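For reference, the structure discussed in these notes is given below.
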Amino acid sequence: MDKKIKRIGVLTSGGDSPGMNAAVRAVVRTAITFGIQCVGIRRGWQGLINSDFVTLDGAAVGHVLDRGGTILYTARSEEFMTDKGREKAMATCKMLGLDAIVAIGGDGTFRGALAFSRMGMPVVGIPATIDNDIGCTNYTIGFDTACNTAIECIDKLRDTMQSHERCSVVEVMGRNAGFLALYVGIAVGATAVLVPERELDFERDVVERIRNARLAGNTHFMVVVAEGAGSAVEIGKQIHEAIGIEPRVTVLGHIQRGGSPNARDRETATRMGYFAVKALKEGRSNLVITTRDGAIVETPIEEGLQMKKSLQMDRYEVLEAVGISVPRV
Ligand code: F6P
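The sequence shown maps to residues 35 to 363 in our numbering.
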């Protein structure tokens, strides 16, 4: 890219996550510092098609660092996945005089970014999703806050499960990935955690673990199910059939996506927002701002979309080792 960047658009797309606002703020404030104008595109890629925008100055992003959700709204746009949709979006970019786009979101957002970059619009992606399922980055904005939200809810559930000596089956989000479930499961000391990355052996992974916990003296049990691994309602029914106890089922749902971002998400989002604009200013684009071992690294979008990240099974071993006490013999 040899052209000097004068004006950029920033958007949030896909499922929202805590810390998206912190990233938007960092993009806007960094742009201003570098003498670049910033336009907020509302409702994700669809907003670019619909010419749905708002000019953003430093004041417009005041007091948003601590706010959950996204002040730019978000959407999942099917139209943007078509050539016609992207041509309309390109016309909006021309009309607004945008030299580049910063797109904050997950895999779907980056697939859109890649297609748009191939039409000639420079794009930089910032990974934000509570699922932490983006292959090219160790961390995605919102994951830590979502874990803490789920933990807070499950701690509360445990109080009442303990009083009534019950079994709780809790379904957490994560789409097709088990990161959220595994981290949360370890942090709440779950009896069992079911993740899509590990083939389920119901007898071994659930029934035996509850039995062993019972033999060890536990009178309440916590089973965490990743939504990608199955339905908590179904798992609850199967537990009832196999052991005779009547579990209480809780689907945490969208509550996990809300709330004020915690320190990790504010700090990561702010650094990523800064590095996204810095890359554009220095003439680099069509990349995703990623983290590797705590450092910020630029990864080309095309390469990034092909990268896979696997659930660290050593964490599963940890969970299995400490999730229940060893049965007394
Ligand atoms: O990708 C984030 C996420 O919250 C997933 O964990 C979940 O499967 C999905 O979005 C839910 O999407 P929607 O908000 O469209 O119901």
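Glycine included, each C-beta is placed from N, C-alpha and C at the ideal position.
None of the values given here were measured: they were computed from a predicted structure.
- Cβ-Cβ distances below 8 Å link Glu336 to Leu148 and Asn320 in the same chain, with the five nearest sequence neighbours on each side left out; the list follows chain order.
- Put simply, the backbone Cα of Ile188 is about 44 Å away from that of Arg318.
- Looking at the backbone, the Cα of Asp141 and that of Met341 are separated by about 11 Å.
- Judged by beta-carbon spacing, Val240 lies within the 8 Å limit of Val257, meaning their Cβ atoms are closer than that value.
- Take Val62, set aside five residues on each side of it, and the residues of its chain with a beta-carbon closer than 6 Å to its own are Cys72, Leu90 and Val95, in chain order.
- Here the segment 168–178 makes no contact with the segment 76–89; the two share fewer than three CB pairs at distances below 8 Å.
- With a contact defined as Cβ atoms closer than 8 Å, Arg110 and Asn55 miss out at about 19 Å.
- Put simply, the segment 225–234 touches the segment 207–217. At least three CB pairs are less than 8 Å apart.
- The beta carbon of Val267 sits closer than 6 Å to those of Val283, all from its chain and outside the five residues before and after it, given in chain order.
- Every beta strand (DSSP E) stretch that sits fully inside the segment 39–101 and reaches 3 residues is listed by chain position as 41–46, 71–75 and 87–90.
- Rounded to the nearest whole angstrom, the C-alpha separation of Thr171 and Arg326 is 6 Å.
- In the DSSP assignment, Phe255 forms a beta bridge with Cys201.
- Where Gly219 is concerned, there is no enclosing beta strand (DSSP E), although the alpha helix (DSSP H) around it starts and stops at Phe213 to Val222.
- Looking at the DSSP output, Thr183 bridges to nothing.
- CA-to-CA, the gap between Thr163 and Ala57 works out to about 12 Å.
- Residue burial annotation: Thr143 is buried, with at least 16 other C-beta atoms found within 10 angstroms of its C-beta.
- The closest heavy atom of the ligand F6P lies 7 Å or more from the beta carbon of Ile70.
- If you check the CB distance, Gly139 and Gly48 come in under 8 Å.
- Contact between Ala134 and Leu314 holds, with the beta-carbon distance rounding to 5 Å and staying under 8 Å.
- Measuring C-alpha to C-alpha distances from Met115 to each of Arg152, Ile273, Leu132 and Leu99 identifies Arg152 as the nearest.
- Closer than 7 Å to some heavy atom of the ligand F6P: that describes the Cβ of Thr163.
- Collapsing the DSSP output to three states places Ile168 in coil.
- A direct Cα-to-Cα measurement between Arg41 and Asp50 gives close to 25 Å.
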